[in-house]
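See below for the structure under consideration.
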């Protein structure tokens, strides 16, 4: 515990103009926590050199082990308010959450001072109940395992080796190169970006890898098992165990099953081929129709509309949506008009398209111009995606008289003699068209290897595969918006097409990024620190196993598989797997789990510091807002900075993730007489934005149990609500808060436990 505290009140940024900072310092010095407040002072500008020097002098003179800075948001000046490894710091946001966002209520004026005193007491008690983490410091293995010997994996290995790390490169085929070695050419990877295509020196990259004494190459093998934790992994490859620090997974993709291309004529029309088959033709010396002719016209379909409309997986079952004609194998008894995909996996990977589909079609159109100069290439696209500098590649195709491009939604593909006829609507000209070509090329679906294969074969309690991949269409990257390369298994970083569809240029960049993340993981684990998203966090879950009932909730709910079980079924922590979200702490019904500087008791004590009037008539309601530090708290800060305000009756407590919210906090709030609890967290579901992937969703599930408990106590479950907030909703959050407060006061009135 921090037992000798200094409390410092800043007068800058409008705080001193709206609050009596000297009186607030005196309140801290002589209030209910005076026994462990050794120093309490105000300062005109606490972040100034003079203000920081004052704090440092007090630390030295009074041997302070904790500093409460009542000033701006902890998201601001974070680099200023640091005072060494032995002094803990608690930030109290008087600027954003009090002065800048204060909304006066004529019925109960003068609430700003009440708010400031509550937050000051909350900050003091939080710091008093906090300890400096003492992390485990493993002796890390520093070898990086790269899985996949294609273009991405080769570049990842070279990147890691270039900064001195030993690398083991594993490729399941008997030779390196992957799909890049089978390609004829690439679209341009460098200037000039309008060129038709570019030869790939894959042999040169392979040579660099094979001649690098830092890289050990193992071909014809897979990862049979990956046990342990980051910095201390044991990987079994070809029967041999290797000591591994972190992993770059660059296993790429497999082509989608061709059955699902039936609506575009594949399988029934001989001159309809996939883009993968067309690439192989070019690499093998030419473009030929099924009867061996050089085509005079080739059409490329960059459109997945037909493919995405079919949703059934069983033959003419009840789930049909009757939008497409059945394939030719349908019987007369099949009255349904929907094409049925052969399995769930095939249909699932039609739900997206990518820039790669567009760029490959443009590249293949240029193949036609090169290998069949007298032929015309047609590109029919529903969406043409050529971001960034690749726009020049599209413009070059537009300028080529032998390439015709048109927007259009393909409505059918049929055979007419030796030609293939494409019907399309919504074209650039507005009219429906029919286009005859000697050959039609349809997209090859990119199915990441992780979609149907465990790939890494983890020796984890939660199983050998990455969990919940249906959230990501099978791709291993679990949060590419916020944390590229990150997977649901700490220490394993995805790169290339196993992460998301991409061409060789982006794959090379991905290889560098993932290699750097693997290095960061090893070096952070060496210092006992979290990697992401709480980079540098030294805390980790601590367990009071004497109270553990082996209920398994923590091990099952951890989004990252950080907990295994021992032989008795007791949680077995793996600190370097942990991302410090606190989901396990929120899951535990026995309050077995906590962190040294973030615990169930600590937050519960902070809630109890809120001064609650005995009746609504004496000072209004009180609402606790548990705000996720990742999206909700920044949104609140941004709202305050833009002059937004909200009810003076709310008190904010930042939490690492809503997944860490323990039901006891709600019980503490209700027993205290708090009138409502509002939980602000990241979006969850299909469009999830939770930095810890599952935290908001898990909190929502637990809320049902909380509602049942409140109902048994005679407290309305509606007093506790969860709201989804993204960081860009700063202009909407104040209204959410005010509406919640209004709903509580108008429809429910005071908490029945108020005054006890």
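Numbering (UniProt numbering), first residue to last: 1 to 756. Where a beta carbon is used, it is the ideal one built from N, C-alpha and C, also for glycine.
- The stretch 110 to 119 makes no contact with the stretch 487 to 505: fewer than 3 CB pairs, one atom from each, lie closer than 8 Å.
- By the Cβ criterion, the stretch 445 to 459 is not in contact with the stretch 403 to 419, since fewer than three pairs of Cβ atoms, one from each stretch, lie closer than 8 Å.
- Around the beta carbon of residue 82, a 10 Å sphere encloses fewer than 16 other beta carbons of the protein chains shown; the residue is thus reported as exposed.
- Taking the CA atoms as reference points, residue 544 sits about 12 Å from residue 573.
- For residue 626, the closest of 103, 645, 662 by C-alpha to C-alpha distance is 662.
- Boundaries cannot be given for residue 429, as no alpha helix (DSSP H) includes it and DSSP labels it neither H nor E.
- Setting aside the 5 residues that flank it on each side, residue 386 is surrounded in the same chain by 355, 358, 359, 393, 394, each with a C-beta closer than 7 Å to its C-beta; the list follows chain order.
- Between the stretch 168 to 186 and the stretch 144 to 153, the count of C-beta pairs closer than 8 Å reaches three or more; the two stretches touch.
- In the DSSP annotation of this structure, the continuous segment of the alpha helix (DSSP H) that includes residue 359 starts and ends at 355 to 371.
- Close CB contacts of residue 723 within its chain, under the 6 Å cut and outside five residues either way in sequence, are with 680, 736 (chain order).
- Counting along the chain, the unbroken alpha helix (DSSP H) around residue 672 starts and ends at 663 to 672.
- For residue 91, the enclosing beta strand (DSSP E) begins and ends at 88 to 93.
- Residue environment for residue 94: buried (at least 16 other C-beta atoms within 10 angstroms of its C-beta).
- In the DSSP assignment, residue 404 falls within the beta strand (DSSP E) that extends over 403 to 407.
- If you ignore the 5 residues before and after residue 578, its C-beta comes within less than 6 Å of the C-beta of 540, 562, all in its own chain and listed in chain order.
- 8 Å or more divides the Cβ of residue 604 from the Cβ of residue 595.
- Taking C-beta atoms as the reference points, residue 438 and residue 298 count as a pair closer than 8 Å.
- For residue 258, the CB contacts under 8 Å within the same chain, skipping 5 residues up- and downstream, are 266, 267, 274 in chain order.
- Taken in chain order, the whole alpha helix (DSSP H) runs of length 4 or more contained in the stretch 16 to 55 are 21 to 30.
- Using a Cβ distance threshold of 8 Å, residue 749 and residue 673 do not count as a contacting pair.
- The three-state reading of DSSP puts residue 204 in helix, counting H, G and I together.
- Residue 217 is a Cβ neighbour of residue 209, given a cutoff of 8 Å.
- Between the C-alpha atoms of residue 566 and residue 138 there is a straight-line separation of about 20 Å.
- Annotated three-state conformation of residue 702 is helix, per DSSP.
- In the DSSP assignment, residue 651 is bridged to 624.
- Runs of the alpha helix (DSSP H) spanning 4 or more residues and lying entirely within the stretch 68 to 150 occur at 111 to 128, in chain order.
- The straight-line gap separating the alpha-carbon atoms of residue 641 and residue 18 is approximately 16 Å.
- For the stretch 559 to 637, the full-length beta strand (DSSP E) segments reaching 3 residues or more read 563 to 565, 571 to 573, 623 to 628 along the chain.
- Of 485, 491, 523, 520, the smallest CA-CA separation from residue 506 is found for 485.
- Taking every protein chain shown into account, the CB of residue 546 has fewer than 16 other CB atoms within 10 angstroms, so this residue is exposed.
- Scanning its chain for C-beta atoms nearer than 6 Å, with the 5 sequence neighbours on each side dropped, one finds around residue 644 the residues 734, in chain order.
- For residue 172 and residue 165, the gap between their C-alpha atoms comes out near 22 Å.
- Note on residue 78: under 16 other CB atoms within 10 angstroms of its CB, so exposed under the neighbour-count rule.
- With respect to the C-alpha of residue 587, the residue from 214, 548, 92 having the closest C-alpha is 548.
- Shortest Cα-Cα distance from residue 653 to any of 220, 496, 219, 126 involves 126.
- Only residues of its own chain outside the window of five on either side were considered, and among them 28, 37, 40, 68 have a CB closer than 6 Å to the CB of residue 7, listed in chain order.
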